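S.K.:
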Amino acid sequence: MDDQQLKTLIDGIRSGDVSTAAALERLRKLPFEDLGYAKVDHHRCLRNGVPEVIYCQGKTVDQIKGIVERMMPYHTNILATRADASVYAAIRGLTDDCRYHDMARASW
754 MDDQQLKTLI
764 DGIRSGDVST
774 AAALERLRKL
784 PFEDLGYAKV
794 DHHRCLRNGV
804 PEVIYCQGKT
814 VDQIKGIVER
824 MMPYHTNILA
834 TRADASVYAA
844 IRGLTDDCRY
854 HDMARASW
């Protein structure tokens with residue numbers, strides 16, 4: 754979640770477009786969401802101005818895909834490092850808005 758998303762949530766609560774229960778559900782996962790195999794830092798963007806980076810080495814494609822799925826509602830800019838073509842294919846299955854650079858071994 755970044756500053757703009759937080760402002761949008763607050764404005765939604767103020768206007769009545771977002772219920773208290775819905776807001777609490779969104780905030781419940783802040784700052785960390787424990788997936789069992791990884792802790793996703795949803796608050797990093799608020800603290801540092803950049804979202805969490807996924808270090809793919811040592812993780813399965815399914816784990817990386819799960820992390821991306823959890824990050825997508827909160828972040829529009831996701832970087833996966835030490836990624837290979839299979840990681841890119843998995844992320845591409847979640848969104849068409851991604852790229853892969855083979856030499857850098859990065860997907861964004």
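If you're matching positions, the sequence shown starts at 754 in the numbering used here and goes up one per residue. Beta carbons are placed, not taken as given, at the ideal position from N, Cα and C, and that holds for glycine. None of these values were measured; they are calculated from a predicted model.
1) Residues in the same chain with beta-carbon distance under 7 Å from Pro-863, minus the five sequence neighbours each way, listed in chain order, please.
2) With a Cβ-Cβ cutoff of 9 Å, do Val-821 and Leu-847 count as a contact?
3) Tell me whether Leu-780 sits in a helix, a strand or coil according to DSSP, three-state version.
4) When the Cα atoms are used, what is the spatial distance from Leu-832 to Ser-772?
5) Using 10 angstroms around the beta-carbon of Tyr-790, count the other beta-carbons present and answer buried if the total reaches 16, otherwise exposed.
6) Would you call Lys-812 buried or exposed, if buried means 16 or more other Cβ atoms sit within 10 Å of its Cβ?
7) Val-840: buried (16+ other C-beta within 10 angstroms of its C-beta) or exposed?
8) Does Asp-837 come out as helix, strand or coil in the three-state DSSP assignment?
9) Roughly how far, in whole angstroms, is the beta-carbon of Ala-838 from the beta-carbon of Lys-818, given that I think they are within contact range, below 8 Å?
M.R.: Straight from the coordinates:
1) Residue 863 lies beyond the stretch modelled for the chain, which goes from 754 to 861, so this question has no answer here.
2) The answer is yes: Cβ separation under 9 Å.
3) helix
4) 32 Å
5) The residue in question, Tyr-790, is exposed, as its Cβ has fewer than 16 Cβ neighbours within 10 Å.
6) Of the other Cβ atoms in all chains shown, 16 or more fall within 10 Å of the Cβ of Lys-812; this residue is therefore buried.
7) buried
8) coil
9) Incorrect: roughly 14 Å between the Cβ atoms, too far for contact.
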